[in-house]
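I have placed the structure first, in the form of structure tokens, so that the comments after it can refer back to it.
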Amino acid sequence: MGLRTLAITGALALGLSSPAAAANDTIFANGFEIPPDAPPDRAEASRFLAQATFGASEADLAALAGSGYGAWLDRQMQQPPGYVLPHMRRAEGVTDPLQPLPFARLCAAWFVNALGGRDQLRQRVAFALSEILVVSERGNALGNDGLALGAYYDILLRNAFGNYRQLLEDVTLSPAMGRYLSMYRNRKPDAAANIQADENYAREVMQLFSIGLVRLNRDGTPVLADGATVPTYDGDVVRGFARVFTGWACHCGPGQQCPDDPFEQENFTCSTEHEMVPFEAYHDRGEKRLLDGAVLPAGRDARPELEAALDVLFEHPNVAPFVGRQLIQRLVTSNPSPAYVARVAAAFEDNGAGVRGDLAATVRAILLDAEAREGHRTAPATFGKVREPLLRLTQLWRAFEVTWKNDELMYDDLNIQERYNQAALLSPSVFNFFAPDHAPGPPLTAGMVAPEMQAISANFAIHMTNDLSGRIYWGWLGGPMDELDPRVRVIRLDRWEAAIRPAAGGVEAPPGALDALLDRCDDLLLGGQMSASLRQRIHARLLSIPAADTRRRVQNVLYLITTSAEYAVQR
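As structure tokens, then:
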């Protein structure tokens, strides 16, 4: 039993039948042929775009079909970044009692870019990185500090196709991260004052951001000694790194007089966009022992020592499979084969020009790998991933030409997490909304994981279904929500209605029109993989609706697809 069966949990309440059983349970193996560069049809183009963007649109399908995977990736990587802070800055002058908080503006800006940004690949990779290098509004001193969080998200966007070593440094020195994991104002040990260096960031930068808890082979499988896993570090290593990360504090905001000693008194506003700066009096200058016998000599200033420590982490052999596997999970499939992980790790280790940590090469390797392109056919029982809650919404919105009237004044994005159990930079902890190795148990096959299921509950299934219902039946251009409030995002149904409208004097849709509608929705939302049983059920429902009621027919198609178990899994 596979991921699609697991996803039925959220669909049973709708009375939908389970998808057809997988054709075989073979684990995807090495040795397959490299797939063609161009998608053979709209369905395959849609599958690729589901992995590389926030959802396929008709324009996206046309652009990809007219070129090829490689050319599309080249164009996307050359697109300038669509940052969130500029949107948030423009919104600061907007008066709206329904949207008073900076974090609400962050949500609005995130949706503007996720739905309408031309740099779709960058936006999707940055979102994936935000779930690995986690900072959250729910953390230390970040409640409703949307500007600090917006600046942090822009770090992820800026570095999405850059080098992981630079990303690691920019994240480490971000004021948002400094406050979230308490590296900010971290002091050197002082026994007389009973002060110890804070170990929070030292622990998480290893456990979550770079090397993980156990030693890995290049293919992501654990190294074993006498049948047991081998830890990557111990408490002494944590304490060594904790002493490295001492002596850093925020730079003051624009136009302010920076205090001489922010460690003693901080009566100024932290700059959200300037990286943290060192204060040497609070930096531990002693010798430090780090990973695998690496030693940092005594007497070094805070900046060069931090850079040296990050170099030690970055060069560790775990980084390539640890980061690569998680990016595969966020973009393509929850259970990549060891061979797939190894190929991606190899690209991370060397981009072909001797450069380690090139994220552009890593992302390209992930999306162009034969397992990404062919896994749904060669390993249908194990390939794919449960769609993240937000991606279920963005896929629908992008497929049906979502539109809105004002980038800075949006009502739709407030408290989105209450309906979808997810919002950008709002995870419940540094461990994200879900852990990469979360295994909810049966009906999954032993050894398989389904990370996103950790964020899915019975309440979520109800809230999401109700929300999708409202957006489909009420949130269309010219519909009730559009007329009620200009601060909502609405989809377009008019041209879909026109395609199935009976001819003058006719009593039914033109011959083949309903099948064509289902085909196009199948391509856009399911990558051409709709089961025969789901198709039959939707077709029967359409025939029960008067042909003249074209809007309700289109709405029923969208509702039955987006609340189905099949839509719940990205294949």
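Going left to right, the sequence shown walks through residues -22 to -1, 1 to 549 as mature numbering (1 follows the signal peptide of the UniProt record, and there is no 0) numbers them.
Every residue gets a Cβ at the ideal spot worked out from N, C-alpha and C, and that includes glycine.
Grab me the residues of residue i's own chain with a C-beta within less than 8 Å of its C-beta, minus the 5 sequence neighbours each way, in chain order.
{"i": "Gly225", "result": "Asn164, Arg165, Lys166, Pro256, Phe257, Glu258, Ala259, Tyr260, His261, Asp262, Ala280"}
{"i": "Ala175", "result": "Asn164, Arg165, Lys166, Pro167, Arg217, Ala220, Arg221, Phe223, Thr224, Asp262"}
{"i": "Ser160", "result": "Asn118, Asp176, Asn178, Tyr179"}
{"i": "Pro275", "result": "Glu265"}
{"i": "Ser300", "result": "The sequence given here has Phe at residue 300, not Ser. The answer, listed in chain order, is Ser188, Ile189, Gly190, Leu194, Gly198."}
{"i": "Gly95", "result": "Gly60, Gln101"}
{"i": "Ala272", "result": "Val290"}
{"i": "Tyr162", "result": "Pro153, Gly156, Trp226, Ala227, Cys228, Met254"}
{"i": "Arg143", "result": "Leu288, Asp289, Phe292, Arg334, Gly335"}
Please name the residue in the options whose C-alpha comes closest to that of residue i.
{"i": "Arg342", "options": "Glu352, Asn329, Glu379, Pro358", "result": "Asn329"}
{"i": "Ile440", "options": "Asn410, Glu22, Tyr398, Phe89", "result": "Tyr398"}
{"i": "Leu51", "options": "Gly198, Arg498, Asp385, Thr340", "result": "Thr340"}
{"i": "residue 577", "options": "Val183, Asn172, Gln144", "result": "A query on residue 577 cannot be resolved here, the shown segment of the chain reaching from -22 to 549 and no further."}
{"i": "Phe411", "options": "Ile189, Leu27, Gln432, Ala476", "result": "Gln432"}
{"i": "Glu242", "options": "Ala227, Trp382, Glu253, Ile189", "result": "Ala227"}
{"i": "Glu352", "options": "Leu135, Ala325, Ser315", "result": "Ser315"}
{"i": "Ala37", "options": "Ala49, Gly48, Gln29, Arg20", "result": "Arg20"}
{"i": "Ala28", "options": "Lys363, His252, Ala338", "result": "Lys363"}
{"i": "Ile189", "options": "Asn172, Ala169, Tyr211", "result": "Tyr211"}
{"i": "Gly506", "options": "Arg355, Phe378, Ala526, Asn437", "result": "Arg355"}
{"i": "Pro406", "options": "Asn172, Gly271, Glu109", "result": "Glu109"}
{"i": "Gln304", "options": "Ala106, Gln54, Cys236, His65", "result": "Ala106"}
{"i": "Ile498", "options": "Gly205, Phe378, Ala428", "result": "Just to set this straight, residue 498 is Arg in the shown sequence, not Ile. Checking every option, the nearest Cα to that of Arg498 belongs to Phe378."}
{"i": "Cys85", "options": "Gly95, Val103, His65", "result": "His65"}
{"i": "Val103", "options": "Cys236, Ala402, Ala170, Leu504", "result": "Ala402"}
{"i": "Gly483", "options": "Asp500, His517, Ala526, Pro458", "result": "Ala526"}
Below 7 Å CB to CB, which residues in the same chain sit around residue i once its five sequence neighbours on both sides are set aside?
{"i": "Arg531", "result": "Ile478, Leu520, Ile523"}
{"i": "Val318", "result": "Here residue 318 is Tyr; the residue named in the question, Val, does not match the sequence. Excluding sequence neighbours, Tyr318 sits near Ile306, Asp347, Glu349."}
{"i": "Pro209", "result": "Leu191, Val192"}
{"i": "Gly121", "result": "Glu115"}
{"i": "Glu366", "result": "Gln400, Glu430"}
{"i": "Arg529", "result": "Leu471, Glu475"}
Could you pull the DSSP bridge partners for residue i from this structure?
{"i": "Gln548", "result": "Lys363"}
{"i": "Cys230", "result": "Cys248"}
{"i": "Asn122", "result": "Its beta-bridge partners do not exist; DSSP assigns none."}
{"i": "Gly209", "result": "Per the sequence shown, the amino acid found at residue 209 is Pro instead of Gly. Pro209 pairs with Val192."}
{"i": "Asp168", "result": "Ile173"}
{"i": "Ala203", "result": "Ala206"}
{"i": "residue 550", "result": "With the chain covering -22 to 549 only, the question about residue 550 has no answer from this structure."}
Less than 6 Å between C-beta atoms, sequence neighbours within five positions excluded: which residues of the same chain meet that for residue i?
{"i": "Leu146", "result": "Leu288"}
{"i": "Leu536", "result": "Ile450"}
{"i": "Val408", "result": "Val112, Glu182"}
{"i": "Asn393", "result": "none"}
{"i": "Phe326", "result": "Ala298, Gly302, Thr340"}
{"i": "Thr207", "result": "Val192, Pro200"}
Exercise for the section: Please list the segments of the alpha helix (DSSP H) lying wholly inside the region 246 to 292, counting only runs of 4 or more residues, in order along the chain. Expected result: 280 to 292
Practice task
Mind listing, in chain order, the continuous alpha helix (DSSP H) runs of no fewer than 4 residues lying wholly within the region 29 to 78?
Solution key: 36 to 43, 47 to 56, 63 to 69
Exercise for the section: Give, in chain order, every unbroken run of the alpha helix (DSSP H) that is at least 4 residues long and sits entirely within the region 172 to 201. Expected result: 178 to 185
Problem - Inter-stretch contact at 8 Å, needing at least 3 Cβ pairs: the region 132 to 152 / the region 91 to 109 - result: yes
Exercise for the section: List in chain order: all unbroken alpha helix (DSSP H) runs of 4+ residues lying wholly within the region 323 to 380. Expected result: 337 to 346, 348 to 356, 367 to 377
Handout entry: Whole runs of the alpha helix (DSSP H) within the region 419 to 507, excluding any shorter than 4 residues
Key = 436 to 451, 458 to 462, 472 to 478, 491 to 504
Handout entry: Touching by the beta-carbon criterion (3+ pairs, under 8 Å), the region 170 to 185 and the region 212 to 222
Key = yes
Exercise for the section: Could you tell me whether the region 81 to 96 touches the region 42 to 62, where touching means 3 or more Cβ pairs closer than 8 Å? Expected result: yes
Exercise for the section: Taking 8 Å as the threshold, find out whether the region 280 to 297 comes into contact with the region 13 to 33 through three or more Cβ pairs. Expected result: no
Practice task
Answer yes if the region 468 to 475 comes into contact with the region 438 to 456, meaning at least three C-beta pairs across the two stretches below 8 Å, and no otherwise.
Solution key: yes
Exercise for the section: Answer yes if the region 264 to 284 comes into contact with the region 319 to 326, meaning at least three C-beta pairs across the two stretches below 8 Å, and no otherwise. Expected result: no
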